[in-house]
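Visitor: Residues 12 to 179 (my numbering) are what the sequence shown spells out, left to right.
The beta carbon of each residue, even a glycine, is placed where N, CA and C say it ideally should be.
Handing you this structure, nothing more for now.
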Amino acid sequence: MICRVTGTLERVEGLAATVTPSGGLAYEVLLPAYLAETLVDKVGSPVTLVTFHYLESEGQGSAYLPRLIGFLSRRELEFFELFTTVKGIGYRRALRALAAQPASLARAIAAKDPRPLTEMPEIGKRLAETIIVELYGKVHGYLSDEELTGLNAAAAPRSTIADQAFDA
Numbered sequence: 012m013i014c015r016v017t018g019t020l021e022r023v024e025g026l027a028a029t030v031t032p033s034g035g036l037a038y039e040v041l042l043p044a045y046l047a048e049t050l051v052d053k054v055g056s057p058v059t060l061v062t063f064h065y066l067e068s069e070g071q072g073s074a075y076l077p078r079l080i081g082f083l084s085r086r087e088l089e090f091f092e093l094f095t096t097v098k099g100i101g102y103r104r105a106l107r108a109l110a111a112q113p114a115s116l117a118r119a120i121a122a123k124d125p126r127p128l129t130e131m132p133e134i135g136k137r138l139a140e141t142i143i144v145e146l147y148g149k150v151h152g153y154l155s156d157e158e159l160t161g162l163n164a165a166a167a168p169r170s171t172i173a174d175q176a177f178d179a
């Protein structure tokens with residue numbers, strides 16, 4: 012399995028990039044939307060992409076095409092793998108939907124806020140709620156310590172004046 016591709020970024024077109032390592036072989040690598048936007052300005056530069064390899068059925072499922080999906084880090088790849096465990100989100104839908112960085116999506120999921128998710132392509136209100144239900148509690152590894160502290164503080168029960176009077 013191909014787990015990493017290093018070479019010159021030859022082109023970025025839509026959600027696909029061509030990476031040419033030394034030796035003349037070129038790889039077409041599919042990209043999540045947020046990464047395609049980032050890499051379009053880096054054509055001609057060296058790039059290393061951590062890759063996810065899968066077989067995509069073509070037609071009625073009688074032929075399979077090997078596909079590579081590229082990410083800048085292992086952490087981004089792991090978020091993609093987690094994101095695609097949600098019912099109704101396959102690899103292609105995830106690529107189109109991931110228009111924001113994984114960390115910002117993890118924040119929205121951890122805060123149980125469907126609004127940022129519904130702003131993503133192909134994600135409606137119902138699917139956003141499904142994402143939150145299925146991934147809540149699994150995304151904390153993609154948040155910084157400060158974000159985790161903020162979420163814990165927001166989840167803590169607030170004391171009311173009556174509670175303070177009772178405690179006195």
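Return the bridge partner residues of residue 94 from the DSSP annotation.
Guide: In DSSP, residue 94 forms no bridge with anything.
Visitor: Using a C-beta cutoff of 9 Å, does residue 131 count as contacting chain C?
Guide: Absent here is chain C; the protein component of the structure consists of one chain.
Visitor: Would you give the residue range spanned by the beta strand (DSSP E) that residue 38 belongs to?
Guide: Where residue 38 is concerned, the enclosing beta strand (DSSP E) stretches over 38-41.
Visitor: Using DSSP bridges, identify the partner residues of residue 18.
Guide: BP columns for residue 18 point to 58.
Visitor: Could you tell me which residues DSSP puts in a beta bridge with residue 143?
Guide: Per DSSP, none; premise fails for residue 143.
Visitor: Among 104, 147 and 154, which one has its Cα closest to the Cα of residue 135?
Guide: Here the closest residue by C-alpha is 104.
Visitor: Can you tell me which of 76, 14, 28 and 18 puts its alpha carbon nearest to the alpha carbon of residue 57?
Guide: Closest option to residue 57, Cα to Cα, is 18.
Visitor: With H, G and I counted as helix, E and B as strand and the rest as coil, what does DSSP make of residue 30?
Guide: Strand at residue 30.
Visitor: Taking the CB atoms as reference points, tell me whether residue 45 and residue 78 lie closer together than 9 Å.
Guide: Against a cut-off of 9 Å, the Cβ pair of residue 78 and residue 45 comes out as no contact.
Visitor: Using the Cβ count rule (16 or more neighbours within 10 Å means buried), how would you classify residue 12?
Guide: So residue 12 ends up on the exposed side.
Visitor: If you measure between the beta carbons of residue 113 and residue 86, is that distance less than 9 Å?
Guide: Going by C-beta atoms, residue 113 is nearer than 9 Å to residue 86.
Visitor: Can you say whether residue 147 is buried or exposed, counting buried as having 16 or more other CB atoms within 10 angstroms of its CB?
Guide: Looking at its Cβ environment, which holds fewer than 16 other Cβ atoms inside 10 Å, residue 147 is exposed.
Visitor: Determine the burial state of residue 62: buried for a count of at least 16 other Cβ atoms within 10 Å of its Cβ, exposed for fewer.
Guide: That one is buried.
Visitor: Mapping the DSSP letters down to three states, classify residue 74 as helix, strand or coil.
Guide: Three-state result, residue 74: strand.
Visitor: Just to confirm, are residue 43 and residue 106 a CB contact at a threshold of 9 Å?
Guide: Contact: yes.
Visitor: Kindly indicate which residue of 128, 95 and 54 has the alpha-carbon position closest to the one of residue 65.
Guide: Closest by alpha carbon: 95.
Visitor: May I ask which residues mark the beginning and end of the alpha helix (DSSP H) holding residue 155?
Guide: Run containing residue 155: none; DSSP gives neither H nor E here.
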